[in-house]
Structure formats: structure tokens, C-alpha cells
Ligand SMILES: Cc1cc2nc3c(=O)[nH]c(=O)nc-3n(C[C@H](O)[C@H](O)[C@H](O)COP(=O)(O)OP(=O)(O)OC[C@H]3O[C@@H](n4cnc5c(N)ncnc54)[C@H](O)[C@@H]3O)c2cc1C
């Protein structure tokens, strides 16, 4: 606490705070840092709560170097305020000490079904529950949280932190049904038949992209999302070590260089593989991974091949033989496993089992501005990654906040029309 308060006291409380401009959810950073500097942690938390439903998560995984901290004026003179660490401190302290309680509002404005419990779904649920909507989440996984629970590794985002953030949203009166897949267990039409006034799709991009090269179907080639999920289950004690698809001593190649690739590479290193090399078709300047993440990966021994693309994969006894073009020169590399991390796109489970929800050529759900976030089907809204937003936690949250406002406007309007028709 002493460190956090000392750090907060460094804040200049700028008249035009650049840090706030850099935050996609418009967190009033100087205001809560000022409260923290005086030791008023509950007040700091209440200010954060007005803009963010997941501060303990944002404090850990946001791209602070490109957002709030990257814009802090002190950064130009030397060292920026450690805004991410301070947000994490305030949120964790609040959870441990149970400092703040949100008022539970009477739920009389309408019923909303939220599909998916990642950052987008949780944000919509939190925003609507706070303003008088009865919200029910439907999640296909056995636990809520989306990528926060089953993608981002434990060492970056502890799962008990994710669970306590979700508990706070449930305390607002939100109900979560896990193990229910919309599109196969029930569909959108059946949700409307259950009496929901609006439906929000926050279903993310769970379908990994594939490389079309010879040998890609080899069972030693695995998708990063699948691999990270297995690691998460193993860390939680739910599966055995031999169910995780890399073994101690393996030489592993990871194709791609975004957050997912770095997480897969670092997770493999932590499992005791012999060597991990990330193969990326562009140079370091154009990787989408954060510089801080890259630095940590280098420190942990991950190697990088820039301007390199894998052209073919072949089985060679119990090993794999990769033909790689490295800046115009062909090389052959040998290893045991390949992990693919070249991006993902939305699955079509929902749009293929109902009518009227149009998607673009890449499968992203098309939405409109009035009411904000509504799809081409009346009453069905979409947001976060499935609607093609910049794929980060805070962008999913900021988009979802706007969609929640769109849903509220829509439901209020249909309730008004129904009241007029009844007269
Ligand atoms: C490995 C990895 C690391 C990342 N690291 C970072 C990071 O450090 N910082 C950052 O800002 N971003 C990071 N991202 C990106 C970020 O996690 C996503 O942008 C964000 O989670 C998107 O939120 P979302 O709610 O739209 O989707 P998701 O988090 O994907 O949640 C979608 C949810 O919908 C559920 N669902 C899907 N279909 C159905 C259905 N038919 N019925 C019921 N439920 C369904 C899914 O199970 C899932 O729980 C990372 C992503 C990955 C994969």
C-alpha cells in the first residue's frame, strides 16, 4: 500500500489528462489516482467502477504501453505512472477487503439474454444489470470468462482473479448458465420464445484459422487455442500432463507472433520443452504482440525467426521436418511439435441455426449504429470480437458498453410501444 500511495502521489493530475484519452473505456484515471494518493481506496474503486466492469483484469492484461501509460506526460520526462499496477492494486484490495458494494437495482426494465461470458458478455451483463435489466448469461464452456479463463495463461492472469471479477457481476443479480451452447442446445428463436426482450451475442472468435500448406493436418500440429486450453486444464489439475500436447525436451515451433503465439511459446517453455522458436513472416516492428510480452519471452529463452514462413511440414520418423523460407533462403528445421497461432474468426453455430443475422465475408457479424450494435435481425445485438472489433479485452469492453446502451434504448422503446398499443 505504501508503494501504491507513493506512486499515486507522483501523478500530476493534469487538466487535460492524456492517460484518460488513451484508455478505450475512458477510465477517469487522474480522479481515482488522486483518491488513492490520499489512501481513499474505496473511493478510487467507486470511480473505476463507473467505467469498467473488469478492473483487476485490465490492470493485468491491457496494452498499457500503447494506451494509458503510453500517453502519460511523465513518460516523456522519464517514467510514466504505473497505472496498470495501480489499477490492479485497487481492484485486488477492494476484492480482499470487500470495500465497495454496488447497489442492487430493481430489475423492471426488461429481460436480456447474453450469449458468451468473455469481456464483451460480462460488460453488457454488468452495465444492464446496474441499470435495471434482468440479465441471464448463456455460456457453452463449463466455466464463465471466455478467453480470460481458457486462453490467457495463469501466470499472466490468475484464474481466481477472473472468478472474483465474475462474482462481482453476479452480485448485481446476473445469472450465468454454463454448459449451454446456443445454436445446438437451444437457438435464438427459442430464446425469444422464453420471453427475452433482446439478445446479445458476445461469442468471440473461437474458430482458429488454418494455414494451407502441405502437412498441416499432421497430428503433431496443434492450434494454439487448443494447446493453451489444455495447459489451463492441466494447471487446474483437471487433466494429466500427458494430455497436454507437448512433452519435456521437445523442440517446438510456434507459427505467428501475436499475444496468442507468445502465450503459447512461454507456456511451452514453462512445461519444460527443450527449445521454442517463433516463426513469423514479417519483421519485429510489425508483430502484433506487445513489446513487454516479447521481452519476457526472450528472457525466458524463446527464440525468434523473422521474415520467415513455413512452406511445408512432413513427418520424419517420430519427428517433423519443416521447410522454411527465411528471408528468401530455404532451410529445413527439425522438431517434435508445431503450434499454429495465426489468428481466429467467428464460428457460425448461431448464424447458421437461425435466420436474419448477416455476416461479412470473414464471418464477422454485421451491426448497425441505430440502435447501436443491433444486427440485421431485430432484437439481436452483437459486440466484442465477434463483431470485428480490435481484438483486445479493453476494446471488447468499450464496444460492449456502447452496445449495452443500444440495447437499453431498444428495449425501452419496445416497452413504450407495447404500453401505447395496450391503451
Ligand atoms: C491466448 C490469448 C491471449 C490474449 N491476450 C490478450 C492480452 O494480453 N490483452 C488483451 O487485451 N487481449 C488479449 N487477447 C484478446 C482478448 O482476450 C479478446 O479480444 C477478448 O477476450 C474478446 O472478448 P469477447 O468477449 O468478444 O470474446 P471471448 O473472450 O472469446 O468470449 C466469447 C465467449 O463466448 C462463448 N461462446 C461462443 N459461442 C457460444 C455459443 N454458441 N453458445 C454459448 N457460448 C458461446 C465462448 O465459450 C466464450 O466464453 C488474447 C487472446 C488470446 C486468444
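Numbering (the working numbering), first residue to last: -11 to 411.
Even glycine gets a Cβ: it sits at the ideal position worked out from N, Cα and C.
Residue nearest to residue 6 within the set 35, 69 and 27 is 69 (criterion: CA-CA distance).
Put simply, the backbone Cα of residue 18 is about 13 Å away from that of residue 26.
When rounded, the separation of the alpha-carbon atoms in residue 74 and residue 242 is 33 Å. It is roughly 11 Å from the alpha-carbon of residue -5 to the alpha-carbon of residue 22.
Non-local beta-carbon contacts of residue 397 in its own chain, meaning distances under 7 Å to residues more than five positions away in sequence, involve 359 in chain order. Residue 71: member of the alpha helix (DSSP H) spanning 71 to 85, first to last residue.
DSSP places residue 150 within a helical segment (H, G or I) once states are collapsed to three. The C-beta separation of residue 132 from residue 332 comes to about 20 Å, leaving the pair out of contact by the 8 Å criterion.
Counting along the chain, residue 370 sits inside the beta strand (DSSP E) bounded by residues 368 to 370.
Within the same chain, and ignoring the five residues on either side of residue 105 in sequence, the residues whose Cβ sits closer than 7 Å to its Cβ are 125, 127, 132, 133, 134 and 164. For residue 304, there is no enclosing alpha helix (DSSP H); the enclosing beta strand (DSSP E) has its first and last residue at 296 to 304. In this chain, residue 313 is not harboured by any alpha helix (DSSP H); it is covered by the beta strand (DSSP E) spanning 307 to 314.
Counting along the chain, the unbroken beta strand (DSSP E) around residue 317 starts and ends at 317 to 323. In the assembly as shown, residue 130 is an exposed residue. Its beta-carbon has fewer than 16 other beta-carbons within 10 Å. For the alpha helix (DSSP H) assignment, the uninterrupted runs of no fewer than 4 residues enclosed by the stretch 259 to 292 are, from N- to C-terminal side, 279 to 287. Scanning 381, 225 and 264 for the CA closest to the CA of residue 236 turns up 264. Beta bridge pairing from DSSP links residue 36 with no other residue.
Counting only residues of its own chain and dropping the five nearest sequence neighbours on each side, residue 248 has a CB closer than 6 Å to the CB of 212 and 329. Within the same chain, 6, 7, 9 and 10 come within 8 Å of residue 59 by CB-CB distance, once the 5 residues on both sides are set aside.
For residue 273, there are no CB contacts under 7 Å within the same chain when 5 residues up- and downstream are skipped.
Here the alpha carbons of residue 318 and residue 385 stand approximately 43 Å from one another. Residue burial annotation: residue 39 is buried, with at least 16 other C-beta atoms found within 10 angstroms of its C-beta.
As DSSP reads the structure, residue 163 sits in a beta bridge with 124. Taking the Cα positions, residue 315 is about 58 Å away from residue 401. Per the coordinates, the alpha-carbon of residue 28 lies some 22 Å from the alpha-carbon of residue 56.
Taking C-beta atoms as the reference points, residue 88 and residue 152 fail to come closer than 7 Å.
For ligand 1, a non-hydrogen atom lies closer than 6 Å to the CB of residue 107.
The alpha-carbon of residue 246 is positioned some 24 Å away from that of residue 320. Distance from the C-beta of residue 247 to the nearest heavy atom of ligand 1 is below 6 Å. Within 6 Å of the C-beta of residue 373 there is at least one heavy atom belonging to ligand 1.
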